[in-house]
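Number of protein chains: 2
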Amino acid sequence: MQYSIGVEYGLHCLVYLIDIPPDATIGIKELSAFQGVSETYLSKIFSKLTKAGIVVSVPGVKGGYRLSKSPDDISFWDVVEAVEGATPIFQCKKIKDNSYLCQDEEYAACSKASPCVINMTMLEAEESMRNVLRNKTLSWLNEELDRVLTPQSRKDTRQFFANSTNV
Amino acid sequence: MQYSIGVEYGLHCLVYLIDIPPDATIGIKELSAFQGVSETYLSKIFSKLTKAGIVVSVPGVKGGYRLSKSPDDISFWDVVEAVEGATPIFQCKKIKDNSYLCQDEEYAACSKASPCVINMTMLEAEESMRNVLRNKTLSWLNEELDRVLTPQSRKDTRQFFANSTNV
DNA sequence: TAATCGCCGATTAATGTTGTCGTCGATAAG
DNA sequence: CTTATCGACGACAACATTAATCGGCGATTA
Numbered sequence: 170m171q172y173s174i175g176v177e178y179g180l181h182c183l184v185y186l187i188d189i190p191p192d193a194t195i196g197i198k199e200l201s202a203f204q205g206v207s208e209t210y211l212s213k214i215f216s217k218l219t220k221a222g223i224v225v226s227v228p229g230v231k232g233g234y235r236l237s238k239s240p241d242d243i244s245f246w247d248v249v250e251a252v253e254g255a256t257p258i259f260q261c262k263k264i265k266d267n268s269y270l271c272q273d274e275e276y277a278a279c280s281k282a283s284p285c286v287i288n289m290t291m292l293e294a295e296e297s298m299r300n301v302l303r304n305k306t307l308s309w310l311n312e313e314l315d316r317v318l319t320p321q322s323r324k325d326t327r328q329f330f331a332n333s334t335n336v
Numbered sequence: 170m171q172y173s174i175g176v177e178y179g180l181h182c183l184v185y186l187i188d189i190p191p192d193a194t195i196g197i198k199e200l201s202a203f204q205g206v207s208e209t210y211l212s213k214i215f216s217k218l219t220k221a222g223i224v225v226s227v228p229g230v231k232g233g234y235r236l237s238k239s240p241d242d243i244s245f246w247d248v249v250e251a252v253e254g255a256t257p258i259f260q261c262k263k264i265k266d267n268s269y270l271c272q273d274e275e276y277a278a279c280s281k282a283s284p285c286v287i288n289m290t291m292l293e294a295e296e297s298m299r300n301v302l303r304n305k306t307l308s309w310l311n312e313e314l315d316r317v318l319t320p321q322s323r324k325d326t327r328q329f330f331a332n333s334t335n336v
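If you read the protein sequences in the order shown, they are chains A and B.
According to this note's numbering, the first sequence holds residues 170 to 336 in order.
According to this note's numbering, the second sequence holds residues 170 to 336 in order.
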């Protein structure tokens, strides 16, 4: 069980969109070329990011993507939710409502009225994970990368996209 | 993306193993009949729980399963890990180590030596979820069910398994 | 008006999920 | 001592999902 690789693709790409000049865009072609990932698949990920209001797409020649809001207002969870949806990780098929005892109609009604403790616990655990992701923004990630990577490599990266940026 | 339904099956079944007399067991047949789930599939889940040391299997006629240790020492996470494995939910295909800049050998070596901030963040978030699950034990679940369910339904459930319990 | 971009739906190969089936060895009962 | 019943295990199958590819669409720019 794993989230799709699209989450990783998306987050890595969004980093490059943070520092570009206002009104500039970066195309799928450049993003996929830089990272060495599938162009068509990446474009699907960006369709989802667009629908979620994380990026804005500019169609036509010299088109591409840019962030739709401040990187301060985009959290890791926003990206995960955009790509993977908000479906809970833990399934609840309500098996407690299909137990042997539920052959009794009255008991079944009573069971369906009360929550499933196991599922509640799972949702609580998931929520804890989401809260960590909600507290990490793209701005934070950008600063963290400044701290971890060499200034030269960050500069080279920006240069790569600056050369092909569509202004 | 979801954890398999086996987690839910397993946790619900383990509840019934808590309150049985010492040295008694409950068979797959009774568990699957009570919950209305597939017998063969459930037996696979219990194979995993056995390998993980959560339950003990008794082979032969009148065989079945019982908890291998105190329900105080079995957490939700133990069960999830037994059924699903400990593989992280978030994939990291190390795409940072395959970027355009990594065509430079020296840069590639440097990149591989430094951690991926995005993946670190994901693992931190997952760990937060696991910690919630680690703090919930089968004993806690049992008490919670006592609180939420009617005494009658709990009694009926125990009765169901007592009738077929193998002592 | 032609080339280039993102958008979108259909398709596909590989993989994972949710089972089933048949065989095995262990065990209790007749 | 045989037989029926249990769990263990591997093979298999149906179905869904994942990670892509492909082709046609409309928008844009040169």
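Glycine is no exception: its CB is placed at the ideal position from the N, C-alpha and C atoms.
Owing to the predicted nature of the structure, the values given are computational and were not obtained by experimental measurement.
Rounded to the nearest whole angstrom, the CA to CA distance from A:ASP192 to B:MET291 is 31 Å. A:GLU274 and A:PRO284 have their C-alpha atoms some 17 Å from each other.
DSSP places B:GLY254 outside any alpha helix (DSSP H), giving it a letter other than H or E. Counting the other Cβ atoms within 10 Å of the Cβ of A:LYS220 gives fewer than 16, which makes it exposed. Not a single C-beta of chain B is nearer than 8 Å to the C-beta of A:ASP315. Per DSSP, the beta bridge partners of B:VAL224 are B:LEU236.
Its Cα nearest to that of A:TYR210, the residue A:GLY175 stands out among A:CYS182, A:GLY175, A:GLY222. Residue environment: A:THR326 is assigned as buried (16 or more neighbouring CB atoms within 10 Å of its CB, all protein chains considered). Between A:ILE187 and A:LEU236, the C-beta gap is smaller than 8 Å, which places the two residues in contact. Sequence-ordered contacts of the segment 237-266 of chain B with chain A read PHE245, TRP246, VAL249, GLU253, GLY254, THR256, PRO257, ILE258, PHE259, GLN260, CYS261, LYS262, ILE264, LYS265 [C-beta pairs closer than 9 Å].
With distances taken between CA atoms, A:VAL230 lies nearest to A:LYS198 out of A:LYS198, A:GLN171, A:ALA255, A:LYS217. Residue pairing by DSSP places B:ILE174 opposite no residue, since no beta bridge is assigned to it.
At least one CB of chain B lies nearer than 8 Å to the CB of A:THR290.
Against chain B, the beta carbon of A:VAL301 has neighbours under 7 Å at GLU293, ALA294, SER297, listed in chain order. If you look at A:VAL301, you'll find it in the alpha helix (DSSP H) that goes 286-303. What A:PHE329 touches in chain B, judged by beta-carbon distance under 7 Å, is TYR269, going in chain order.
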